[in-house]
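Report on one structure; see the data block that follows.
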Amino acid sequence: MICKNSARVVFGGATIAAIALVAVTGGGHFATAADAVGNSQDGATAPGPLANHDPDVREAMLNLFSGSAARHAAQEELVRRCMERHGFTYVKNPSPTEDIAPTLELAPYGLTVDQAEKVGYNAAVNAGDAPGEVDRSGVSKLSPDRQRQWGEALFGPENAPEVSAKIPGGGVVGTTSKGCLSDAKKKLYGSLSEYAKLTFLGGNLPLWAKWEAAADTDIARINASWAACISGKGFANLKSPDAARKNALSLHREFGVSSAAARDREISLAVADAECDKATDYSRQRIKIEDRHFRAALEKYAAEVADIRKMNASALVRANEVLGKL
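Structure (structure tokens):
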């Protein structure tokens, strides 16, 4: 199936993939908590993103993605109509039923002993192969020439001018100016330049805050305390709860996904993790540290955050108009 990136980011002359941008803006797949390595918990008790964080911090971060479900659904409908006008079939990618915050996945820590005893980390869910790209529109059945035309109708021709915008830190984010996908975004968001910049910033701001938190000496301190605890329970060389989840994932790949051997080892590890979390007061301390960095990021980019909210709110109004005409 034809696949073409709709955005790029350049830092210091080097081009890198705008992964977070694609995830947030609907490249056909919305990242969820289950996509994060070993983050799944018991579905009946699993909290949402930042569930135990400061309510004001949680609301501010989730607002970066407000209306994403409706905006994605409207974008897909606009693309379908546009492709139909060009004489092509376009089967819409599924839209989530509620807003998704791809870069605010469930925390890789904080299991209770009860959760750990019941399901461990649910690592088997994430240990299988990632789903392949689905050819919903039947592009692979078209002739090579029609495949090319289909791709140009959706993404624009290869030589289409690029719309770009500078982002904080000296980088540049860009997106194609032509094609049904860009036309849909223009209808919803207005300026493609502002859309590319603000969507990239909105998706990446949580990541930047978490990276800053991970480098905080206070995180190193609580990780060391947790590591000493779990080492005493027979699990040496694990430096953090994050590492424990990755280890659980590797167990299923080593012993077989959902095998009894992998599950038993995962449960034992998860229980030890949960016990050490409680014994060292790990979750409460880490949440406090992360909130400090979330607040710092929101303050640093306060003007951009205000613009993101304004852009998404306006786009949501237009999206609801589109969806109301279905």
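Residues -33 to -1, 1 to 293 (mature numbering (1 follows the signal peptide of the UniProt record, and there is no 0)) are what the sequence shown spells out, left to right. Think of the CB as a built atom: it goes at the ideal place given N, C-alpha and C, for glycine as much as any other residue. The structure presented is a predicted model; accordingly, all values stated were derived computationally and were not measured.
1. On a Cα-Cα basis, can you pick out the residue from Gly15, Ala37 and Arg25 that is closest to Ser281?
2. Do the stretch 196 to 212 and the stretch 270 to 289 make contact, defined as three or more Cβ pairs closer than 8 Å?
3. So, under 8 Å CB-CB, Leu148 and Leu71 are touching, yes? Tell me the CB distance rounded to an integer number of Å.
4. Would you grab the beta carbon distance between Tyr268 and Leu172 for me? Rounded to a whole angstrom, and I think it's under 8 Å.
5. When you compare only the Cα positions, how much space is there between Ser217 and Ala91?
6. Assign Asn6 to one of three DSSP states: helix, strand, or coil.
7. Under a three-way DSSP split, which group does Thr184 fall into?
8. Roughly how many angstroms separate the alpha carbons of Ala(-1) and Val101, rounded to a whole number?
9. Is the beta carbon of Val58 sitting closer than 9 Å to the one on Leu121?
10. Are the beta-carbon atoms belonging to Ala228 and Phe222 less than 9 Å from one another?
11. In angstroms, rounded to a whole number, what distance separates the CA positions of Ala132 and Asn126?
12. Cβ atoms of Gly141 and Val130: under 9 Å apart, would you say?
13. Give the list of continuous alpha helix (DSSP H) stretches no shorter than 4 residues that lie fully inside the stretch 55 to 101.
14. Can you give the Cα-Cα distance for Arg25 and Glu51, rounded to whole angstroms?
To lay it out plainly:
1. Ala37
2. no
3. Not a contact, Cβ separation roughly 25 Å.
4. 6 Å
5. 10 Å
6. In this prediction, Asn6 has a pLDDT of 40, which is less than 50 and means its spatial position is unreliable; nothing more can be read from the coordinates.
7. helix
8. Unreliable placement is indicated for Ala(-1), whose pLDDT of 29 sits below 50; the coordinate value is still reported in the next sentence. Rounded to the nearest angstrom, the two C-alpha atoms are 21 Å apart.
9. no
10. yes
11. 19 Å
12. yes
13. 80 to 86 and 90 to 94
14. 41 Å
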